[in-house]
Structures are given as structure tokens and as C-alpha cells.
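One structure is given below, encoded as C-alpha cells.
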Amino acid sequence: MVKKRVLVACGTSIATATVAASAVADMAKSAGIDVEVAQCKAAEIHGKIQTFSPHVIIAMTPVPSDLGVPVFNGVPFLSGIGLDQLKSDLVEALKKD
Amino acid sequence: MGWTQPSLIETSLEATDSTQVIEALGTLLFDQGYVRDTFVQAVLDREKVFATGLPTPEIQVAIPHADVEHVLRSAIAIGVLVHPVEFGEMGNPEGTVPVRIVFMLAVKQSDSLVSLLQNLVGIFQNPAILHEILETPEREVIAVLFNEKLPDYQEA
């Protein structure tokens, strides 16, 4: 299976994205999925889509809905609420070809 | 050094909206020399664009903060609210969260914010710790409870 690229976008401080990015990397590892995770600020998201071509985006803050890439709300990585659902949705999306 | 101390904790904060909470906790940080006079406005502005209410299990929290340039020394101010106050929900522009405990983060180095946040997430996902903070009247006890859950920080 090809390596999947995951882009995590957050507000300004990059901190929430870093926390989510490390959680995604752990999750993918235990699901046996090979991922490359990158981070960006929400304001940089269009440019980052061009250069990184993510398979999925995890948004810690609202991002436009017309990005052409599946977007998941990543706040459960911080709150714990809905985390199991998010993980199973993400695994499903990442296992698609 | 621990992240908070009794003088940065309000145990029965009365407020009707998130702005009042941010001003009250921001004033504690400013009066004690942790943040610049631009901090409170920066937090209020940031909260409008990137809300920080988290729909955590049982007890909801918010983590208002601002960029490092507004901070002089790292610290966390804690406000335990008498009545829940609505904060915007992180990641959801339409949502609000009825918040009971506010952790206002003043962080001087952005890399320490990451490890701090990782540890805070552990606290937020553990309702027992939040219940203890909510139900403990003594600020000194809350400071000890909270600090022992977080690694000490070194300021360069």
C-alpha cells in the first residue's frame, strides 16, 4: 500500500496540530498503515495542499469545505469525545486506495 | 517550577460571558507580571477566530491563549466558574461549549506549548482530576493537584 499523507491544520500556534499529528502517527502505526504527517496553519492550507498533496486533512480549526480533500475534525484528539469514531473513520479513509 | 500557583487561581469566578472570564484571568496574569498589557486583547481577538472551548467528558474546559510575543513568563491561570459560561467550540464555528473550568495559558516558548498541551489533554480526558479541581475550595490544594500532573518547565 502506498504511503498515505495526512495534513493537520490548526490555528496560529501549531501546538494543537502537533498534539494531533503525534496521535495520528501512533494510530496509523497500530493500524498498520504507513503515513507521512505534515502540519500547517489554517491560513497556509491551500498552498500546503499543492505542495504536500494530502490524502486526508485533519482540521483543528474550521477550514474551507471545498478543498477537494476529505476533511476530518481533529478536536477529539484533544477532548477525547468522539475519539473512537474519529479513529475508525480515519483508518477507513486511509485504507482506501 | 510549577505551571500555576495559588495567586493565579480563582475558585468561584462569577461571570456571564467568556470575555469577562478572559479579562479576570488575564488581569491576574498581568498584575503579577506574567504577560504584557497586550495579552488580554490578543486572547480575546484569537478566541473570536480560533475558539478554545473543548467538549471534554463530564466537565467542559477552555484553554484561551495568545501568541508568545505577549508573554513575559510562562504560567497558567485557572478559573473555576460558579455557573457554566459558553465558550466557542474549537473547530466548530457554530458550536459553543458550557465551560466550568478555564485554563488560561501564558506560554513564552512555542515548543513548550506543545508538551504542555499534550499533558493537559491527559488531564482533560480524565474527569476525576477535573472533578477534584471543581470541588476543591482551597486554591493552594488546586495548585498542588494541577502542578503534580504537569512536568516542570525550564525557562531559557
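First to last, the protein sequences are chains E and R.
Using the numbering used here, you'd call the opening residue of the first sequence number 4 and step up by one each time.
Using the numbering used here, you'd call the opening residue of the second sequence number 383 and step up by one each time.
Glycine is no exception: its CB is placed at the ideal position from the N, C-alpha and C atoms.
Grab me the residues of residue i's own chain with a C-beta within less than 6 Å of its C-beta, minus the 5 sequence neighbours each way, in chain order.
| i | result |
| --- | --- |
| E/H58 | K7, R8 |
| E/T19 | C13, M63 |
| R/K490 | V450, V453, S456 |
| R/E392 | G461 |
| E/V94 | A34 |
Can you give me the start and stop residues for the beta strand (DSSP E) that residue i sits inside?
| i | result |
| --- | --- |
| R/S456 | From DSSP, R/S456 is part of no beta strand (DSSP E); its letter is neither H nor E. |
| R/G477 | 474-488 |
| R/R521 | Element bounds for R/R521: not the beta strand (DSSP E) but the alpha helix (DSSP H), 521-529. |
| E/Q42 | 38-44 |
| E/K7 | 7-13 |
| E/A62 | 59-62 |
| E/V74 | 74-76 |
Kindly indicate if chain R contains any beta-carbon less than 8 Å away from that of residue i.
| i | result |
| --- | --- |
| E/V22 | yes |
| E/P65 | yes |
| E/I48 | no |
| E/G35 | no |
| E/L93 | no |
| E/A18 | yes |
| E/S68 | no |
With a threshold of 16 other CB atoms inside 10 Å of the CB of residue i, please say whether the residue is buried or exposed.
| i | result |
| --- | --- |
| R/A397 | buried |
| E/Q53 | exposed |
| R/A538 | Residue confidence is low: R/A538 scores 46 on pLDDT, short of 50, so the model does not pin down where it sits. Its coordinate-derived value is still stated next. Exposed, since its Cβ has fewer than 16 Cβ neighbours within 10 Å. |
| R/P475 | exposed |
| R/A525 | buried |
| R/P533 | exposed |
| R/P466 | exposed |
Establish whether the CB of residue i and some CB of chain E are separated by less than 8 Å.
| i | result |
| --- | --- |
| R/G473 | yes |
| R/Q500 | yes |
| R/Q491 | no |
| R/A538 | Per-residue confidence for R/A538 stands at a pLDDT of 46, beneath the threshold of 50, marking its modelled position as unreliable; the derived number appears in the next sentence. No - not a single Cβ of chain E is within 8 Å of the one on R/A538. |
| R/D427 | no |
| R/D534 | no |
| R/P437 | yes |
| R/Q507 | yes |
| R/V503 | yes |
| R/F485 | no |
Starting from the C-beta of residue i, find all residues in its chain whose C-beta is less than 8 Å away, skip the five residues before and the five after it, and write them out in chain order.
| i | result |
| --- | --- |
| E/S68 | V74 |
| R/L411 | L390, V417, F421, A457, A459, M486, A488 |
| R/D399 | V467, E468 |
Alpha helix (DSSP H) containing residue i: first to last residue?
| i | result |
| --- | --- |
| R/F432 | Taken as a continuous stretch (DSSP letters only), R/F432 belongs to no alpha helix (DSSP H), as it is neither H nor E. |
| E/K32 | 18-33 |
| R/V417 | Here R/V417 belongs to no alpha helix (DSSP H), and DSSP marks it neither H nor E. |
| E/V94 | 86-98 |
| E/I48 | 48-55 |
| E/P79 | 79-82 |
Leaving out five residues on either side along the sequence, give the residues of the same chain with a beta carbon under 7 Å from the beta carbon of residue i.
| i | result |
| --- | --- |
| R/M472 | A433, T434, G435, L436 |
| R/S394 | V462, V464 |
Sequence ranges, alpha helix (DSSP H) only - wholly within the stretch 389-415 of chain R, length at least 4: 400-413
Uninterrupted alpha helix (DSSP H) stretches inside the stretch 493-518 of chain R (no shorter than 4 residues): 509-517
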